[in-house]
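Right, one structure below, let's go through it.
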Amino acid sequence: MATPTIAKVTSVSEPKSLPHNSHVKPSPDTKDTIDIEHVPVNDDPRQWSRARKTVTLCIVSLASMVSALASNVQNPSNLLIQEDLHATSNQISWTLAAFMLIQGNFPLIWSAVAEITGRKVVYLLSSALFVVGSAVLALSKTIEVMIGMRALQAAGSSAFLAISAATMADIYETYERGTKMGVFYAAPLLGPALGPIIGGALSQGFNWRASFYFLLICGVIIFLSFLVLFKDTYRCERSLTYCAALQRRLASREPVRRPSESTIVDSEFSENQSHDKDLEKQVQLPVILEETPSAIHTIEPDDIKLSIKDINPFPPYFQILSRKNNVLILIPNGLVFGFNYCLSYTCERTLANAYGYNALSVGMVLLCLGVGSIAGSVIGGRWSDRVVKKMKEENGGQWYAEMRLESSKLAMLWLPPSVIGYGWMCDRHLNVAAVCVMLVLVGFTSIWMYASTLAYLVDANPGRSAVAVATNSSFRGTLAFVSAIIAVPLQNAWGDGILFTAWACILAAAELLIIIVVYKGESWRKENEENERKMLSN
0 MATPTIAKVT SVSEPKSLPH NSHVKPSPDT KDTIDIEHVP VNDDPRQWSR ARKTVTLCIV
60 SLASMVSALA SNVQNPSNLL IQEDLHATSN QISWTLAAFM LIQGNFPLIW SAVAEITGRK
120 VVYLLSSALF VVGSAVLALS KTIEVMIGMR ALQAAGSSAF LAISAATMAD IYETYERGTK
180 MGVFYAAPLL GPALGPIIGG ALSQGFNWRA SFYFLLICGV IIFLSFLVLF KDTYRCERSL
240 TYCAALQRRL ASREPVRRPS ESTIVDSEFS ENQSHDKDLE KQVQLPVILE ETPSAIHTIE
300 PDDIKLSIKD INPFPPYFQI LSRKNNVLIL IPNGLVFGFN YCLSYTCERT LANAYGYNAL
360 SVGMVLLCLG VGSIAGSVIG GRWSDRVVKK MKEENGGQWY AEMRLESSKL AMLWLPPSVI
420 GYGWMCDRHL NVAAVCVMLV LVGFTSIWMY ASTLAYLVDA NPGRSAVAVA TNSSFRGTLA
480 FVSAIIAVPL QNAWGDGILF TAWACILAAA ELLIIIVVYK GESWRKENEE NERKMLSN
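Just so we're aligned, residue 0 is where the sequence shown starts under numbering that gives the first Met the number 0, counting upward by one.
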């Protein structure tokens, strides 16, 4: 009689997973776990040469900068587009709103696709969409075509921002990611700063279509860079999402058996199957068949091919939203981004209509907002680390995520007065130098606060940080969409003074939500974690 084969599943707690090429048989009495960050893989990206890593960093940074630049390169030439295509202000608003809505929400789709196809395929597909959208935009004859192509362009560019941070995590160890991430994130901040001046210079020197020809050239360069120079960094063995999807597929299959062998499914397999409700908390490994020393057979991840239907991005998205502390931070983040988008759009109209500035001059003034934003991100980030370090020392070396939000209080004091000051200076048509000073101050304080709240989202959602950032992107894009739609009607009805006084009140209310999380967030997080543990134990 053939020796029975016992099928068992080994469980892995976050952030744990399986070694793809391991052939070591687990002990029947223990549950072997391994850090998913360091699962053995073939051609480990973290072992690549410094030159290879630097090339990868430069390519994804360039792509992210162009993606951010594309969002506002159009702003200085909006009036030129309106005149040439015989469009209304509302239709121009839709070209901006459609871009922000798609760019904010499409990363959920790209992230899921990347878990099946790898990073490179997503980069190539998205950059191809970006190239097509830019080409048609440069040749568009109607505003309706322009709205549609801005949406297509946004869908392509959104992947750069969504996947690039994951690429950085693929190639750099934890201890060196801080520095490399700092280099990488400088690119998306540089894009919005350069966008208006590049768009203004090209529109002034040629015409408004030149901005989109510029984006077309950038898109082609990015596509060729990914095609020729980029080496895929994704390894499915290090993906909790992939392992969870693989487990769901394995749970629906019979254990693989050889001829003349019988299979006995251990009760541990049935018990572990019931824990599939929360695969981020407990990821189960592929079925390992324990046999006699003469015959060992395992089901490897490569034995099963997953498809996009195996990766559902929405349950993790709603799980982030189920936590009160997350929602109360996502709302201010979305409002800050929506405010900044309204500010840059309406400022362009004020400078063109009230000050008589051409596209290049508009771009030069809007550069002040970008300079302030970059300064706020860099200085605010360092201040945040300093505050966290000090509070940790005062707390006996103990750290909790809400410490990060303490650093945003300083910026909170200055943001509403800065917004009000900017609005009434524009309303009274004061010297443009005063407007430039207020733009720098508004950008500095708003991004200072935003940098702290975004870091909190990552700190407060360990193991779900990528989903938290994608959810934040969705909130940002959605509120920027609403902001772009209502900006012109409200500016026409109220003027800049009342419009930005209203924005200051909204931002002050958003700051109160952050303060609530500072004092209540820790207890809410612990309550949610306890509820999740109870769900897993049932």
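The C-beta atom is built at its ideal place from N, Cα and C for all residues, glycine as well.
Since the model is a prediction, treat every value here as computed from it, not as a measurement.
Start and end residues, alpha helix (DSSP H) containing residue i
{"i": "Pro314", "result": "313-320"}
{"i": "Val59", "result": "49-71"}
{"i": "Thr232", "result": "It is not in any alpha helix (DSSP H) - Thr232 carries neither H nor E in the DSSP assignment."}
{"i": "Phe211", "result": "208-227"}
{"i": "Gly147", "result": "142-170"}
{"i": "Arg45", "result": "Premise fails: Arg45 is in no alpha helix (DSSP H) and is neither H nor E."}
{"i": "Ser88", "result": "88-104"}
{"i": "Leu78", "result": "77-83"}
Beta-carbon gap between residue i and residue j smaller than 9 Å
{"i": "Val418", "j": "Thr500", "result": "yes"}
{"i": "Pro195", "j": "Glu347", "result": "yes"}
{"i": "Ser383", "j": "Ala454", "result": "yes"}
{"i": "Ile80", "j": "Trp207", "result": "yes"}
{"i": "Leu540", "j": "Ala154", "result": "Missing from the structure shown is residue 540; the chain here goes from 0 to 537 and no further."}
{"i": "Leu559", "j": "Leu512", "result": "Residue 559 lies beyond the stretch modelled for the chain, which goes from 0 to 537, so this question has no answer here."}
{"i": "Val219", "j": "Val130", "result": "yes"}
{"i": "Ala150", "j": "Leu100", "result": "yes"}
{"i": "Val431", "j": "Tyr344", "result": "no"}
{"i": "Trp447", "j": "Gly379", "result": "yes"}
{"i": "Gly190", "j": "Ser376", "result": "no"}
{"i": "Lys408", "j": "Lys230", "result": "no"}
{"i": "Ile170", "j": "Arg45", "result": "yes"}
{"i": "Gln152", "j": "Leu201", "result": "no"}
{"i": "Thr166", "j": "Thr94", "result": "no"}
{"i": "Ser163", "j": "Gly103", "result": "no"}
{"i": "Thr444", "j": "Leu404", "result": "no"}
{"i": "Gly496", "j": "Leu359", "result": "no"}
For residue j and residue i, the rounded distance between their alpha carbons
{"i": "Ile58", "j": "Lys389", "result": "37 Å"}
{"i": "Ser266", "j": "Asn530", "result": "Its pLDDT being 39, under 50, Ser266 is placed unreliably by the model, and nothing is read from it."}
{"i": "Glu401", "j": "Val517", "result": "5 Å"}
{"i": "Gln90", "j": "Leu68", "result": "21 Å"}
{"i": "Gly494", "j": "Met145", "result": "28 Å"}
{"i": "Asn324", "j": "Leu188", "result": "26 Å"}
{"i": "Ala469", "j": "Cys367", "result": "28 Å"}
{"i": "Arg385", "j": "Tyr354", "result": "42 Å"}
{"i": "Ser472", "j": "Lys391", "result": "29 Å"}
{"i": "Leu414", "j": "Ala374", "result": "15 Å"}
{"i": "Val387", "j": "Met437", "result": "29 Å"}
{"i": "Ser273", "j": "Arg532", "result": "Unreliable placement is indicated for Ser273, whose pLDDT of 42 sits below 50; the coordinate value is still reported in the next sentence. Going from the Cα of Ser273 to the Cα of Arg532 covers about 14 Å."}
{"i": "Leu478", "j": "Leu334", "result": "6 Å"}
{"i": "Ser210", "j": "Pro416", "result": "35 Å"}
Cβ-based burial, residue i [other Cβ within 10 Å; buried from 16]
{"i": "Met555", "result": "Given a span of 0 to 537 for the chain in the structure shown, any question on residue 555 remains unanswerable."}
{"i": "Pro315", "result": "buried"}
{"i": "Gly476", "result": "buried"}
{"i": "Phe480", "result": "buried"}
{"i": "Met534", "result": "exposed"}
{"i": "Thr141", "result": "exposed"}
{"i": "Asn352", "result": "exposed"}
{"i": "Phe474", "result": "buried"}
{"i": "Glu526", "result": "exposed"}
{"i": "Glu510", "result": "buried"}
{"i": "Ser48", "result": "exposed"}
{"i": "Ala168", "result": "buried"}
Helix, strand or coil at residue i [DSSP, three-state]
{"i": "Gly198", "result": "helix"}
{"i": "Tyr449", "result": "helix"}
{"i": "Leu123", "result": "helix"}
{"i": "Tyr356", "result": "coil"}
{"i": "Gly117", "result": "coil"}
{"i": "Arg427", "result": "coil"}
{"i": "Gln203", "result": "helix"}
{"i": "Ala400", "result": "coil"}
{"i": "Ile33", "result": "In this prediction, Ile33 scores a pLDDT of 48, lower than 50, which makes its location untrustworthy; the coordinate-derived value is nonetheless stated afterwards. Ile33: strand per DSSP, three-state reduction."}
{"i": "Pro331", "result": "helix"}
{"i": "Ser407", "result": "coil"}
{"i": "Val422", "result": "Inspection of the sequence shows that residue 422 is occupied by Gly rather than by Val. Of the three classes helix, strand and coil, the one that applies to Gly422 here is helix, per DSSP."}
{"i": "Pro187", "result": "helix"}
{"i": "Ala395", "result": "The residue asked about is misnamed: residue 395 is Gly in this sequence, not Ala. Coil at Gly395, not helix or strand."}
{"i": "Pro415", "result": "helix"}
{"i": "Pro461", "result": "coil"}
{"i": "Ser139", "result": "coil"}
Cβ of residue i within 9 Å of any chain D Cβ
{"i": "Ile91", "result": "You won't find chain D in this structure, because it holds only one protein chain."}
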